[in-house]
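Here the structure is laid out as structure tokens; the discussion comes afterwards.
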Amino acid sequence: MQICKSPKETEEIAMEVAENVIDGGVVYLYGDLGSGKTVFAKGMAKKFGIDDFSVKSPTFNYIRRYGNFYHIDLYRLEEVDELLEHEIRELMSEEKNTIVIEWADKLGGSKFPDGIKVRMEYMGENERGVEVT
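The sequence shown begins at 46 in my numbering and counts up by one.
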């Protein structure tokens, strides 16, 4: 697990991960509230040339699209319903799409494609743990 001492360090790791999905793929983000998942998504978006200020946590809109970059935030859901699951699977079926999913644990037992798993941990006011597998 890498320890990040600032949002900038978290974004730098995210930009490295983005290199692996620049032509399409899925990144699943796991971690408690305040662990840095949205900062990580912003870092990835930066690598795609997306203004980091335009990437907001899509708490009321579960999916935000920026070209072929999709930011999905499942925070407000207890579980993913069939309709949202179908929509996510449809996005994943397009090979050129890059999809970042916050609160990926809410996908439940559904089988989704393999992707990069990022576990994040709040370790203190200025420290976050990031583990990429």
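For every residue, glycine included, the Cβ atom is placed at its ideal position computed from N, Cα and C.
Since the structure is predicted, the reported quantities are computational estimates derived from the model, not experimental observations.
For a minimum of 4 consecutive residues, which ranges assigned as the alpha helix (DSSP H) are wholly contained in the region 87-146? Counting only unbroken stretches of 4 or more residues, the alpha helix (DSSP H) elements lying wholly within the region 87-146 are 127-138, in sequence order.
Report the rounded CA-to-CA distance for Lys-162 versus Glu-127, giving the unit in angstroms. Taking the straight line from one Cα to the other gives about 23 Å.
Once the 5 residues before and after Pro-52 are set aside, which same chain residues still bring their CB inside 7 Å of it? Around Pro-52: Val-84.
Which value, in whole angstroms, describes the spacing of the CA atoms of Asn-171 and Gly-79? Rounded to the nearest angstrom, the gap between the Cα atoms of Asn-171 and Gly-79 is 11 Å.
Could you tell me the alpha carbon to alpha carbon distance between Tyr-167 and Tyr-115, rounded to whole angstroms? Approximately 24 Å, taken between the alpha carbons.
Just mark Thr-143 as buried or exposed, buried being the case when its beta carbon has 16 or more other beta carbons within 10 Å. Counting the other Cβ atoms within 10 Å of the Cβ of Thr-143 gives 16 or more, which makes it buried.
Please look up how many angstroms separate the CB atoms of Glu-140 and Gly-69, rounded, as I've assumed it's under 8 Å. Rounded, the Cβ-Cβ distance is 5 Å, consistent with contact.
Less than 8 Å separating the beta-carbons of Gly-76 and Met-137? Cβ distance not < 8 Å, so Gly-76 and Met-137 don't count as in contact.
Return the chain-ordered list of same chain residues with a C-beta closer than 8 Å to the C-beta of Val-125, the five sequence neighbours on each side being excluded. For Val-125, same chain residues with a beta-carbon under 8 Å away, outside a window of 5 residues either side, are Leu-119, Ile-133, Lys-151, Leu-152, Gly-153, Ser-155 in chain order.
In terms of residues, what are the limits of the beta strand (DSSP E) holding Val-175? For Val-175, the enclosing beta strand (DSSP E) starts and ends at 172-177.
Short check: CB of Val-175 to CB of Val-72, under 8 Å? No, the Cβ-Cβ distance between Val-175 and Val-72 is not below 8 Å.
Check the DSSP bridge columns for Ile-48 and list the partner residues they point to. Answer is Gly-174.
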